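The sequence shown begins at 4 in this note's numbering and counts up by one.
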Amino acid sequence: MKIRDDFIPYSKPCFDQSEIDAVSDAVRSNWWSKGPKTAEFEKEFAKFVGAKHALALNSCTAALHLSLAANGIGEGDEVISTPMTFCSTVNMVVNCGAKPVFVDIDESTGLMNPDNIEKAITSATRAIMPVHYAGQSCDMDRINSIADKHGLLVIEDAAHAVYTTYKDRMIGNGKNPTAFSFYATKNLAVGEGGMLTSNDDDFMQKARVLSLHGMSANAWNRYSKTGSWRYDVLAPGFKYNMTDIAASIGLVQLARLENMQTRREEISAYYNKQFEKLPGISLMKETGMGRNAHHLYAILVDKNELTIGRDEFIEILKEYKIGTSVHFIPVHMHPFYKEHFGTKEGDFPAAERLFSKTISLPMHPAMNDEEVEYVANAVREIAEKHAR
Ligand SMILES: *Cc1c(COP(=O)(O)O)cnc(C)c1O
């Protein structure tokens, strides 16, 4: 095939004039920080997932941090999570002063394997943090029932799971504190942003106070007509609030989400068909336990069937002008975790095996058919050329 001139990036935002207009309106409104647009986005998002409360923040990382901090998790506590996640999930456990404990995944889905959880529970365990990897839900009935049995909290990392359901329940519907990401590459993007959802009034009140310096009243209350200049600092909080500029994009993206998801489904289905019978390429398994938000599309490179490995496959895709990513370098393999928590290669073999063969291809709603076909043809050509 002929190699194209322009690069297909791994990801890019999907927007039209409505996002641009929304930002212009937010800028002209004079509310540049947290204000009425943020409140409206919180309300709409809570309605969308079916939670009582939603707190708009400047990242998913902030939502994870607040979930731990507002529950008083810290020194002497252990939190169980997965190595197959972005570092921020586990970094926040460490930043609270608690100890991260990893449990291995199911290699076929990338999701935390509930069979491994109970072995990892000690008298110090306080919480389980599952990650809805790639847009599929973890087995929440099993995880919740283990948590209930041992009196543990469940905090869900839903960075990949805007639009995901578990069975017929929306992820973020309020049972557990749930952290969403609106980072530039995520299914619903505002640049930098996140959302924390929960049904628990006390927890959400604490998280809200901690999200804005620990102050008893936020800027919107203070600077509006009816507000007062007076506030009390109730805790040494953080600076995690969303801005109205970001929220104005979020509202438009939320309205566009259904269409964007339809496009993700289309592209994923097309790729599935193209890669079904390719030598040396296999695909991630669908759990069939809910709606997949298709945040990632991964191909798995089998180095026993090909003359090249995963890393070379990525380099050749780059020569074809195709950007890729890898989700994820297992957290326990990073130097910090090795040095401070004694983790090492071999500790979580399923996560390490998945890591060694996975490539995330460009799969996002801003791609046109020509680009999607080009990526599929390139993957086919590379695999066929290098078949053993
Ligand atoms: C992107 C991501 C995060 C962090 O999201 P931010 O909004 O960038 O803080 C956390 N967990 C997972 C699994 C992610 O992919």
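Ideal Cβ positions, reconstructed from N, Cα and C, are used throughout, including at glycine.
None of the values given here were measured: they were computed from a predicted structure.
So is the beta-carbon of residue i under 6 Å away from any non-hydrogen atom of ligand 1?
| i | result |
| --- | --- |
| Thr200 | no |
| Ala162 | yes |
| Thr41 | no |
| Ser363 | no |
| Cys99 | no |
| Ser14 | no |
| Cys90 | no |
| Ser184 | yes |
| Ser62 | yes |
| Val134 | yes |
| Gly253 | no |
| Gly79 | no |
| Gly197 | yes |
Give the single residue among the options whose Cα lies nearest to the Cα of residue i.
| i | options | result |
| --- | --- | --- |
| Glu377 | Lys152, Ala127, Ser359, Gln277 | According to the sequence displayed, residue 377 carries Tyr and not Glu. The residue with the shortest Cα to Cα distance from Tyr377 is Gln277. |
| Ile11 | Asp350, Val104, Thr327, Ala353 | Thr327 |
| Glu159 | Ser111, Val212, Leu67, Ala238 | Leu67 |
| Gly113 | Ser271, Pro365, Thr361 | Thr361 |
| Arg294 | Ala137, His216, Lys55, Leu309 | Ala137 |
| His298 | Glu289, Lys306, Val304 | Glu289 |
| Lys178 | Gly100, Ala187, Phe206 | Phe206 |
| Asn371 | Tyr273, Asn190, His337 | Tyr273 |
| Gly38 | Ile385, Ile332, Leu215 | Leu215 |
| Phe344 | Pro180, Val97, Lys242 | Val97 |
| Leu213 | Glu279, Ser70, Lys15, Phe331 | Ser70 |
| Asp109 | Cys90, Ser91, Pro86, Thr92 | Pro86 |
| Thr64 | Ser126, Gly53, Met4, Phe183 | Phe183 |
| Thr168 | Gly194, His135, Ser148, Leu191 | His135 |
DSSP puts residue i in a beta bridge; with which residues?
| i | result |
| --- | --- |
| Ala59 | Met198 |
| Ala130 | Val82, Leu156 |
| Asn244 | Leu60 |
| Val104 | Ile83 |
| Met173 | Thr168 |
| Ala301 | Ser363 |
| Tyr186 | Gly194 |
| Val382 | Answer by DSSP bridge pairing: none, since Val382 is not bridged. |
| Leu309 | Ala390 |
| Thr181 | Glu159, Thr200 |
Short of 6 Å in beta carbon distance, which residues of its chain neighbour residue i, apart from the five on each side in sequence? Order them along the chain.
| i | result |
| --- | --- |
| Ala57 | Glu45, Phe48, Ala49, Met198, Thr200 |
| Ile124 | His153 |
| Gly312 | Lys306 |
| Met287 | Ala301 |
| Ala320 | The question names Ala, but residue 320 in the sequence shown is Leu. So the list reads Thr327, once near-sequence residues are dropped. |
| Glu22 | Ile252, Val255 |
| Val304 | Arg313, Phe316, Lys360 |
| Asp24 | none |
| Asp142 | Pro117 |
| Arg266 | Pro368 |
| Phe358 | Pro333 |
Under a three-way DSSP split, which group does residue i fall into?
| i | result |
| --- | --- |
| Glu322 | helix |
| Lys228 | coil |
| Pro86 | coil |
| Pro365 | coil |
| Arg294 | coil |
| Ile284 | strand |
| Leu215 | strand |
| Met143 | helix |
| Val236 | strand |
| Ser328 | strand |
| Met115 | strand |
| Ile405 | Outside the displayed range of the chain (4 to 391) lies residue 405, so it cannot be described from this structure. |
| Pro333 | coil |
| Ile23 | helix |
| Gly77 | coil |
| Gly53 | coil |
| Ala220 | coil |
| Pro16 | coil |
| Glu279 | coil |
| Asp205 | helix |
| Met4 | coil |
| Glu110 | coil |
Leaving aside the five residues before and after residue i along the sequence, list all residues of the same chain whose C-beta is less than 7 Å from its C-beta, in chain order.
| i | result |
| --- | --- |
| Leu155 | Thr128, Arg129, Ala130, Ile131 |
| Ile76 | Val82, Cys99, Ala101, Arg129, Ala130 |
| Asn176 | Val52, Gly53, Ala54 |
| Tyr340 | Val334, Thr346 |
| Arg391 | Glu308, Leu309, Thr310 |
| Asp28 | Ser251 |
I want to see whether chain B comes within less than 7 Å of residue i, judged by CB atoms only; does it?
| i | result |
| --- | --- |
| Glu22 | Among the protein chains of the structure shown there is no chain B, as only one such chain exists. |
Less than 8 Å between C-beta atoms, sequence neighbours within five positions excluded: which residues of the same chain meet that for residue i?
| i | result |
| --- | --- |
| Asn119 | Val106, Asp107 |
| Glu387 | Leu281, Pro282 |
| Ser36 | Ala222, Asn244, Thr246, Asp247 |
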